[in-house]
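Chains as they are written, first to last, in the working numbering: chain D, -3 to 220; chain B, 36 to 370.
Built from N, CA and C at the ideal position, the CB exists for glycine as well.
Just below is one structure, and these are the notes that go with it.
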Amino acid sequence: MIDGIVIEKLFHKGAEASLFYGHWFGKEVIFKIRSPKIYRIEKLDKKIRIIRTLNEARALIKVKNYGVNVPQVYEIDTENSTIVMKYIKGEKLKDFMHSIEVDKKKQIFNEIGKFIAILHKNGHIHGDITTSNIIITPIQEIFIIDFGLHNYSDSVEDKSVDLHLFKRVLLSSHGTDYKNCFDAFLGGYSTEYGRAKVNESQEIIRNMIKIETRGRYIKKEDRK
Amino acid sequence: MKLKKVLGIESTAHTWSVGIIGFDGTVYSLVNDMYIPEKGGIHPALVKEQHLNNFMNIINQALLKANISIHDVDLIAFSKSPGLGPILKIGAQAARMLTQLLDIPIVAVNHCIAHIEIGRLMCKIEDPLTLYVSGGNTIVSAYESGRYQIFGETLDIPIGNLLDSFARDIGLSHPGGPKIEKLAFKSNKYLSLPYVVKGMDLSFSGLYTAAKKLLESKDYKKKYNLNDVAYSLQETAFAMLTEVTERALAHTEKKEILLTGGVAANKRLQEMIKYISAEHGARFEVVPLKYAGDNGAMIGWTGLLRYEAEGGHTVLETQINPKERMDQITIPWRD
């Protein structure tokens, strides 16, 4: 153990990585460690872990510059597939959802839409937008986390898929709130995106609806 | 009072199957007739012909095995979705004929939901996250707010289709999955292949193309052989399935995992899913092979669950729907 770096306790065990809370030269941090997955053969496993660690750290650093709230990266260790980043105190949106009013929810989803539009405008695809990957701090700031499936793309298709996946999560996990939340999200998305290119954001949303009808066994989603 | 019985008809793809099952979950008989193509894949018209020639015979065999007369049947259930249209129609028509002939109720059943329900019955499992992997479907699903929600699924071809298509390309007959498993078992040389996970969804079509390209490369049979390609294909595809299952498990926080569908028979896939179950402290169950593949017992059982919850369907409500998603259907018998 190096002086100044203390891993204190397991904070969250995710599907892909474990988050440990600790201190890094006096700062409160999260150590995001992608441990080996024994079910995958070593060669494949190592490749996936290194690529995702590097990719995530680079993405976090880049998108922070555009003004999106993401954790500050302090250190990257590819050998142990670990990222050391700032600890964000708050609650997952998933757990926060049922304790807030509809209007507040709409406001939050509107803000999220704006952040995602900033990512997309600048050619970043989050790849895994879910209500588990959004943190609400005690002063109600919104942080986007987990860029493990992030990639770079400027294609309408990739951006539409990003939105489509989020819609699916809202439908499957928060069915009753889905419409209010997703409409507010698209509102924020269009507003923020539109400042630069109105047509493109509309095209992305249109294409997202097309993707749904393209899916397996799907009619147009007609649930209210 | 004698125990009531349901006759379930499965007819979505290459299997025509009839199961007779008691209202308490006892399976009295299960008889399958499977179309096996001489070459190529499943041609709907040829499957239809075989099913049309055999359907009454299979129903009779199931009755004989259960040692009952057709007049002892109290309810008819059949698969109305999803599947190949011409084949779904045969099941629907046979079921409508029986319900009118015998004057007993009829229930139309979604095939994917039936896979989960028979798994819950056979494995005595309450509320699982289900990985359903077959030639026609690749779905990660769990029960949430009144429906079997789909958390992850393939964006293009199903896993069984990937394995069968690849097997066909290398000259192996249908079904290809078990044969690829045998080839893969003989290698431990991994060749890099595309690994495509998008959130909790998967894509296998690029993997299929890349595996085929390995066979066309000039290095084939020099630097690596067929076993190595089969091994790499299986390792990549199954690691993708396991990863999305683990993601869905972390997301839904379910405490049980159910593995079902034809590809559930693969030992390597079982091993991988078992590993993540243990890691998350979830109970792991594989549906017994007889009930993991397409079968009439699962249709019968799911039909009676719906019948007991909200009664039968009218004949007008028994229209087939080849493209119905399982998450479009409410589940009145849970909660």
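Asked: Quick one: does B/GLY234 have its CB under 7 angstroms from some CB of chain D?; Found: yes
Asked: To which residues of the same chain is B/GLU288 closer than 8 angstroms at the C-beta, ignoring the five residues directly before and after it?; Found: none
Asked: Could you check where the alpha helix (DSSP H) with B/GLY54 kicks off and where it finishes?; Found: It is not in any alpha helix (DSSP H) - B/GLY54 instead sits in the beta strand (DSSP E) that spans 50 to 57.
Asked: If you run the structure through DSSP and keep just helix, strand and coil, what is B/LYS253?; Found: coil
Asked: Quick one: using the 10 Å Cβ neighbour count with 16 as the cut-off for buried, is D/LYS28 buried or exposed?; Found: buried
Asked: Please report whether the beta-carbon of B/PHE186 lies at a distance below 7 angstroms from any beta-carbon of chain D.; Found: yes
Asked: Looking at the unbroken beta strand (DSSP E) that takes in B/ASN67, where does it start and where does it end?; Found: 62 to 69
Asked: Where DSSP assigns a beta bridge to D/PHE162, which residues make up the other side?; Found: None; D/PHE162 has no bridge partner.
Asked: By alpha-carbon positions, which one of B/GLU359, B/TRP368 and B/ASP370 ends up nearest to B/LEU120?; Found: According to the sequence displayed, residue 120 of chain B carries Gly and not Leu. Minimum Cα distance to B/GLY120 is reached at B/GLU359.
Asked: Show which residues of chain D have a CB atom less than 7 angstroms away from the CB atom of B/HIS150.; Found: Neighbours of B/HIS150 on chain D: none; closest Cβ ~14 angstroms, over 7 angstroms.
Asked: Please tell me whether B/SER46 has its Cβ less than 7 angstroms away from any Cβ of chain D.; Found: no
Asked: What are the boundary residues of the beta strand (DSSP E) that includes D/ASN61?; Found: Per DSSP, D/ASN61 belongs to no beta strand (DSSP E); it is in the alpha helix (DSSP H), 38 to 61.
Asked: For D/GLU217, decide whether its Cβ has a neighbour in chain B, counting only Cβ atoms nearer than 7 angstroms.; Found: Residue placement at D/GLU217 is flagged as unreliable, the pLDDT there being 46, under the threshold of 50; a coordinate-derived value is accordingly withheld.
Asked: Mind checking if D/ILE214 is an interface residue toward chain B, Cβ cutoff 7 angstroms exclusive?; Found: For D/ILE214, the predicted model reports a pLDDT of 49, less than 50, meaning its position is unreliable and no value from the coordinates is stated.
Asked: Within its chain, find whatever has a CB closer than 8 angstroms to the CB of B/TYR243; leave out the 5 residues flanking it on each side and keep chain order.; Found: ILE192, LEU197, SER200 and PHE201
Asked: Are any of the Cβ atoms in chain B nearer than 7 angstroms to that of D/ASP91?; Found: no
Asked: I want to verify the contact list: residues of chain D whose CB lies under 7 angstroms from the CB of B/GLU281, in sequence order.; Found: ALA11
Asked: Give me the Cα-Cα distance between B/VAL82 and B/LEU340, rounded to the nearest whole angstrom.; Found: 29 angstroms
Asked: On a CA-only basis, which of D/ILE44, D/SER197, D/ALA180 and D/GLY184 is nearest D/VAL98? Give me that one, please.; Found: D/ALA180
Asked: At the 7 angstroms Cβ level, is B/ALA285 part of the contact set with chain D, yes or no?; Found: yes
Asked: Which residue's Cα is closest to the Cα of D/SER128: D/GLU24, D/MET93 and D/LYS155?; Found: D/MET93
Asked: Give the range of the alpha helix (DSSP H) segment to which D/TRP222 is assigned.; Found: Residue numbering for chain D in the displayed model covers -3 to 220; residue 222 of chain D lies beyond these limits and cannot be assessed.
Asked: Use the C-beta contact count for B/LYS217: other C-beta atoms within 10 angstroms, 16 or more gives buried, fewer gives exposed.; Found: exposed
Asked: How would you list, in chain order, the residues of chain B whose beta-carbon sits under 7 angstroms from the beta-carbon of D/ARG36?; Found: ALA274
Asked: Let me see if you follow: with CB-CB separation under 7 angstroms, is B/SER180 close to chain D or not?; Found: yes
Asked: Specify the secondary structure class of D/GLN68 as computed by DSSP and reduced to three states.; Found: coil
Asked: With distances taken between CB atoms, is the gap from B/VAL373 to B/LEU249 smaller than 7 angstroms?; Found: This structure cannot settle anything about residue 373 of chain B, because the visible part of chain B is limited to 36 through 370.
Asked: For B/ILE194, which residues of its own chain have a beta-carbon under 7 angstroms away from its beta-carbon, when the five flanking residues on both sides are left out?; Found: VAL168, THR173, PHE239, ALA272, LEU276 and VAL298
Asked: If you count every other CB in all the chains shown that lies within 10 Å of the CB of B/GLY75, and 16 or more means buried, which is it?; Found: exposed
Asked: So what does DSSP say about B/PHE186, is it helix, strand or coil?; Found: strand
Asked: Which residues does DSSP list as the beta-bridge partners of B/GLU320?; Found: B/LEU293
Asked: Within the 7 angstroms Cβ cut-off, does B/TYR310 reach chain D?; Found: yes
Asked: Just to confirm my understanding: we take B/ALA127, look at its own chain, exclude 5 residues before and 5 after, and list those with CB closer than 7 angstroms. What are they?; Found: PHE113, LYS115, THR353 and ILE355
Asked: I think B/VAL322 touches B/CYS158, with their Cβ atoms under 8 angstroms apart; what is that distance to the nearest whole Å?; Found: 6 angstroms
Asked: List, in chain order, every chain B residue whose beta-carbon is nearer than 9 angstroms to that of D/LEU161.; Found: LYS233, GLY234, MET235 and ASP236
Asked: If we define contact as Cβ-Cβ less than 7 angstroms, is D/LYS85 a contact residue for chain B?; Found: no
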